[in-house]
Amino acid sequence: MGAKNPYLLLPGGPAQNAWRAFAAAWTKDASNLPQVTQSTAVPAAAYWVLGADNALAPAFERGLEAYGARFTTAAVILDNREFSRADHTFVFADYHPADAALAAGLVLAPSTAALSALAVKLPHYGKYSWLVFDAAMNSAATGFWPAPRSPLAADLTAGPAPARVTVPRRPLAALPSVFSAARLQADISALAALPGGRGPGSPGLKKAGDYIENGFKAAGLVPFQPGPPAPRPARSWSQPPGFVPELGAPRNITAQVQGLSRPGEYLVLSAHYDHLAPDGGRTYPGADDNASGAALLLELARYYAAHPQSRTIVFAAFDAEERGRLGSRAFVARFPPPLLAKVNAALNFDTVGRLGAGKILVLGSSSSDKWTYIFRGAGFVTGADYALVKEDLDSSDQASFIGSGVPAVQFFSGPNADYHKPTDTADKIDIAGLVKQAEFAKEMIDYLAGDAEFLTRPAPAGAPEHPAAGPRRVSTGLVPDFTYPAEGDTPGVRAQEITPGSPLDLAGVKPGQVITELNGLPAATLKQYSDILKTLTPGTTINITILNGGVRPCFLR
Numbered sequence: 003m004g005a006k007n008p009y010l011l012l013p014g015g016p017a018q019n020a021w022r023a024f025a026a027a028w029t030k031d032a033s034n035l036p037q038v039t040q041s042t043a044v045p046a047a048a049y050w051v052l053g054a055d056n057a058l059a060p061a062f063e064r065g066l067e068a069y070g071a072r073f074t075t076a077a078v079i080l081d082n083r084e085f086s087r088a089d090h091t092f093v094f095a096d097y098h099p100a101d102a103a104l105a106a107g108l109v110l111a112p113s114t115a116a117l118s119a120l121a122v123k124l125p126h127y128g129k130y131s132w133l134v135f136d137a138a139m140n141s142a143a144t145g146f147w148p149a150p151r152s153p154l155a156a157d158l159t160a161g162p163a164p165a166r167v168t169v170p171r172r173p174l175a176a177l178p179s180v181f182s183a184a185r186l187q188a189d190i191s192a193l194a195a196l197p198g199g200r201g202p203g204s205p206g207l208k209k210a211g212d213y214i215e216n217g218f219k220a221a222g223l224v225p226f227q228p229g230p231p232a233p234r235p236a237r238s239w240s241q242p243p244g245f246v247p248e249l250g251a252p253r254n255i256t257a258q259v260q261g262l263s264r265p266g267e268y269l270v271l272s273a274h275y276d277h278l279a280p281d282g283g284r285t286y287p288g289a290d291d292n293a294s295g296a297a298l299l300l301e302l303a304r305y306y307a308a309h310p311q312s313r314t315i316v317f318a319a320f321d322a323e324e325r326g327r328l329g330s331r332a333f334v335a336r337f338p339p340p341l342l343a344k345v346n347a348a349l350n351f352d353t354v355g356r357l358g359a360g361k362i363l364v365l366g367s368s369s370s371d372k373w374t375y376i377f378r379g380a381g382f383v384t385g386a387d388y389a390l391v392k393e394d395l396d397s398s399d400q401a402s403f404i405g406s407g408v409p410a411v412q413f414f415s416g417p418n419a420d421y422h423k424p425t426d427t428a429d430k431i432d433i434a435g436l437v438k439q440a441e442f443a444k445e446m447i448d449y450l451a452g453d454a455e456f457l458t459r460p461a462p463a464g465a466p467e468h469p470a471a472g473p474r475r476v477s478t479g480l481v482p483d484f485t486y487p488a489e490g491d492t493p494g495v496r497a498q499e500i501t502p503g504s505p506l507d508l509a510g511v512k513p514g515q516v517i518t519e520l521n522g523l524p525a526a527t528l529k530q531y532s533d534i535l536k537t538l539t540p541g542t543t544i545n546i547t548i549l550n551g552g553v554r555p556c557f558l559r
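Quick note, this note's numbering runs 2 ahead of the 1-based positions in the sequence shown.
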């Protein structure tokens, strides 16, 4: 419809004057007048063939058969639907037969009485390949042609398929990120290399806290104090022999970037920096869990110190997550209720260092019905792939916020066989994946710390304030698939990987299999699976029920 000076090719015979009147609809734009003529030759410009009696109409119809259309003297078949020529008006678009950069059109009408109505309707249907109107000139059907002649399509039926390109190719150019891969790598390496690890009350844990606190100060953040100082009991937790815990409450490192227009409203970004104490002479570096999250928190702090938002952003590095979320629970408990009501949401970064080709897993997404839309928007902007895990898991610090009525989610790059093992080292971290998660988080932070309305709050039940059934004493070697079950899947826990030499491996459980029961108790969700493990002791044999795989004995250790 918008072609430059298109040709309108009239039919001969008594209907020509009616078609000429129809062509007059094109004359409203004085700067782009059409060429109205009667011709039996295709012009070297965009053109319209008007009328079934036009000498060019039969050839035009044959050309449309390449798209699957069929024409008989009585009907036109489109998308396997038959339309009578006597009762319908048709409009078709195609490429110019000699120049694919130009367009061509065909209009067929059973009588000229419909042409005045068609002249009014036609400009409003520009996006379609074909139109069908009924006898009353109401739209009966519309559609799009396939693209057999597109320069982006290739016909592979005429000969052997081309060789498949298997070598990944880098893009010709990439936009630089606002986040530094070098700084992220340096922070993870420093936190994972502390002698003795970052176990409770250890010198390494204190050095890690100092490192993060100095990072906040260097970025220009100021301290954040949500309430009065916490009490200082004699001991906050029990320790293995040889480790003396610090006195008092867990050491949370908290700082803020004050909001520009809504400083009394908050968004909390968090990550825990503690890890496991040495055991049997083995040190646990905890690079993925959770030096990766602490490094990401530091990098976000550097960025937002220079780019404050409408709301105040609180950065919280939590202690004692590995001891039952003691740090985050103490942090939330110090918020007076009126102040807690001013917290829009919390984003927690825990074990985010092994993304690779996987999806960003989002735990706790059932804490607000708005998370779905916020993550969808961040995915559209960044192109990052993600999966929402709506199952209520109390595995990390976001659960402390959810249990107190604050919408909260955990960023998680997925499970791996090095979890809570001495092999969780800095050289295995996917720094590019960490940068991708920082960019993904930025889109959400800009929205949540901006002027948008508060998220809807969690249901009153929320997440439990205290983890159920105490710590786990046994491990089965399961690396779970957090995206299972999806809609339609049989409830259970699917193995993404099985640790070699583990109880499940020795019991013959394979990656991809779904565990439905542990010792006769249903394990329909990962939380049920974890809660059952908390009741079991090493040295016992239990029965593992596999979906379509029977029951197998499994010796725990």
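Note that the Cβ used here is the ideal one computed from N, Cα and C, for glycine as well.
- Taking all protein chains in view, the Cβ of ASP432 is crowded by 16 or more other Cβ atoms within 10 Å, so the residue is classified as buried.
- Given a length threshold of 4 residues, each whole run of the alpha helix (DSSP H) inside the segment 38-96 is given here in chain order: 59-66.
- Just measuring C-alpha positions, the residue of ALA221, GLY4, ASP352 and THR42 sitting nearest LEU11 is THR42.
- Taking C-beta separations shorter than 8 Å and ignoring five residues to either side along the sequence, the partners of LYS209 in its chain run LEU196, following chain order.
- The beta carbons of MET139 and LEU108 sit no closer together than 9 Å.
- For the 9 Å CB-CB criterion, PHE442 and ILE315 do not form a contact.
- Secondary structure at TRP373: helix, using DSSP grouped into helix, strand and coil.
- In the three-state DSSP reduction, GLU441 falls in the helix class (H, G or I).
- The beta-carbon distance between ALA296 and ALA273, rounded to whole angstroms, is 5 Å. This is short enough to meet the 8 Å contact definition.
- For ILE431, no beta strand (DSSP E) segment is defined, and its DSSP state is neither H nor E.
- Taking a 10 Å sphere around the C-beta of LYS438, we find 16 or more other C-beta atoms and assign the residue as buried.
- In this model, VAL383 and GLU445 are separated by some 8 Å (Cα to Cα).
- A contact is defined here as three or more CB-CB pairs under 8 Å, and the segment 398-410 meets this definition with respect to the segment 343-356.
- ALA221 and ARG304 have their C-alpha atoms some 5 Å from each other.
- CA-CA distance, PRO205 to VAL270, rounds to 27 Å.
- 9 Å or more divides the Cβ of THR485 from the Cβ of LEU558.
- The beta carbon of ALA54 sits closer than 7 Å to the beta carbons of LEU110 from its chain, once the five residues preceding and following it are set aside; these are given in chain order.
- Taking C-beta separations shorter than 7 Å and ignoring five residues to either side along the sequence, the partners of ALA440 in its chain run PHE181, LEU298, GLU301 and LEU302, following chain order.
- Within the DSSP secondary-structure output, SER477 pairs in no beta bridge.
- Sequence-distant Cβ neighbours of LEU357 in its own chain, meaning closer than 6 Å and more than five residues away, are SER415, ASP432 and GLY435.
- Annotated three-state conformation of GLN412 is strand, per DSSP.
- Taken atom to atom, the span from the alpha-carbon of ASN34 to that of GLY4 is near 9 Å.
- Per DSSP, the unbroken beta strand (DSSP E) holding GLU519 starts and ends at 516-520.
- Counting along the chain, ASP281 sits inside no beta strand (DSSP E), nor does DSSP assign it H or E at all.
- Annotation: LEU535 to THR374 spans about 31 Å, alpha carbon to alpha carbon.
- Looking at ASN521, VAL51, THR539 and VAL93, the one whose alpha-carbon comes closest to that of ALA71 is VAL93.
- Between the alpha carbons of LYS6 and ALA48 lies a distance of about 7 Å.
- Bridge partners of VAL259 according to DSSP: ILE315.
- Annotation: LYS30 to VAL51 spans about 20 Å, alpha carbon to alpha carbon.
- Secondary structure at THR384: helix, using DSSP grouped into helix, strand and coil.
- Within the same chain, and ignoring the five residues on either side of ASN418 in sequence, the residues whose Cβ sits closer than 6 Å to its Cβ are ARG356.
- Per DSSP, the continuous beta strand (DSSP E) segment holding ASN346 begins and ends at 345-351.
- Along the segment 160-218, the alpha helix (DSSP H) occurs as fully enclosed runs of 4 or more residues at 183-194, listed in sequence order.
- Annotation: the continuous beta strand (DSSP E) that includes GLU267 extends over 264-274.
- With fewer than 16 other beta carbons inside 10 angstroms of its own, ILE79 counts as exposed.
- Between the C-alpha atoms of PRO540 and VAL476 there is a straight-line separation of about 6 Å.
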